[in-house]
Every structure is written in structure tokens, then in C-alpha cells.
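J.: Pasting a structure below so you can have a look.
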Amino acid sequence: MQQCLYRAHWFKEHQNLNNSHSKEIPMANAKTEGLALYHFETCPYCQKVRRTMSELGLDIELRETRQNPAFREEQLAGGGKGQVPCLRIEKNGTVTWMYESDAIIDYLKAL
Ligand SMILES: N[C@@H](CCC(=O)N[C@@H](CS)C(=O)NCC(=O)O)C(=O)O
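Going letter by letter, the sequence shown gives residues 1 to 111 in UniProt numbering.
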């Protein structure tokens with residue numbers, strides 16, 4: 001019960017925060033729309049990319065390929081290899097699969 005009340009309070013605060021920054025938060029989401037990062041938890045190259053995402057405050061969908069074989073299958077089918085990290089970029093109906101952590105980091109920094 002205590003935890004529920006705490007969550008309700010957090011949600012209310014969070015809503016207020018969204019309202020007070022209503023110009024910034026939709027922009028952050030718009031920048032990362034259509035992006036998904038194929039990764040797995042212990043991969044050091046993936047950790048590097050996730051750290052950059054965190055530093056830049058980017059909210060990108062994460063697709064864990066070791067825990068979810070379906071994600072690995074779609075990456076193999078679309079990108080041609082299972083190497084992670086891999087950024088799936090869907091833009092104007094076109095899908096691009098970007099491999100190499102340094103290239104992904106440069107792309108994210110330029111968003
Ligand atoms: N040069 C790549 C190296 C990535 C890499 O070696 N990833 C490993 C996991 S740590 C991997 O996916 N290995 C399996 C494979 O290549 O299919 C980068 O910087 O992203």
C-alpha cells in the first residue's frame with residue numbers, strides 16, 4: 001500500500017515535470033522515433049553505446065538478442081548478421097541497419 005502511494009506520488013510529480021518541460025520532452029522522443037538498438041547486456045561495445053544514450057538522455061527501444069531469439073532472427077534477416085550493437089533506423093519507410101559502436105555513437109551524437 002505504502003509503495004502504491006509512493007508510485008502515485010512519483011507519477012504525479014513526473015506528470016508535472018513533463019508539463020513544465022513540454023517543449024523539451026516531445027523533442028527528445030521525436031529524435032529517437034523509429035530507432036531500436038539490438039544489443040546484449042554484457043557486450044562491452046553495447047555498454048559503450050548504452051552509456052552514450054544515457055549521457056545524451058536518448059530514449060531508444062532496446063532489443064536484447066540473447067534473451068529474445070526473435071530479435072536475433074529479425075536482425076539476421078534484416079541486417080544480414082547478428083553482430084551487436086546494431087542500430088535499426090526506420091525513416092520515411094526505409095530501414096537501415098547500422099553496425100559498429102563508434103558509427104552508432106557518432107550517429108546518436110549528431111541527432
Ligand atoms: N567492432 C564492433 C565489435 C562488436 C562485437 O565484437 N560484438 C560482439 C559482441 S561483444 C558480437 O556481436 N559478436 C558476435 C558476432 O559478431 O556475430 C563494434 O565496435 O561494434
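Beta carbons are placed, not taken as given, at the ideal position from N, Cα and C, and that holds for glycine.
Computed from a predicted structure; not experimentally measured.
1) Could you check what DSSP says for V95 in three-state terms: helix, strand or coil?
2) From which residue to which residue does the beta strand (DSSP E) around E41 run?
3) Hey, is the region 56-73 in contact with the region 91-101, meaning 3+ C-beta pairs nearer than 8 Å?
4) Answer with buried or exposed for T65, where buried requires no fewer than 16 other C-beta atoms within 10 angstroms of its C-beta.
5) Compute the distance between the beta-carbons of Y38 and C86, then report whether it is under 7 Å.
T.: To lay it out plainly:
1) strand
2) From DSSP, E41 is part of no beta strand (DSSP E); its letter is neither H nor E.
3) no
4) buried
5) yes
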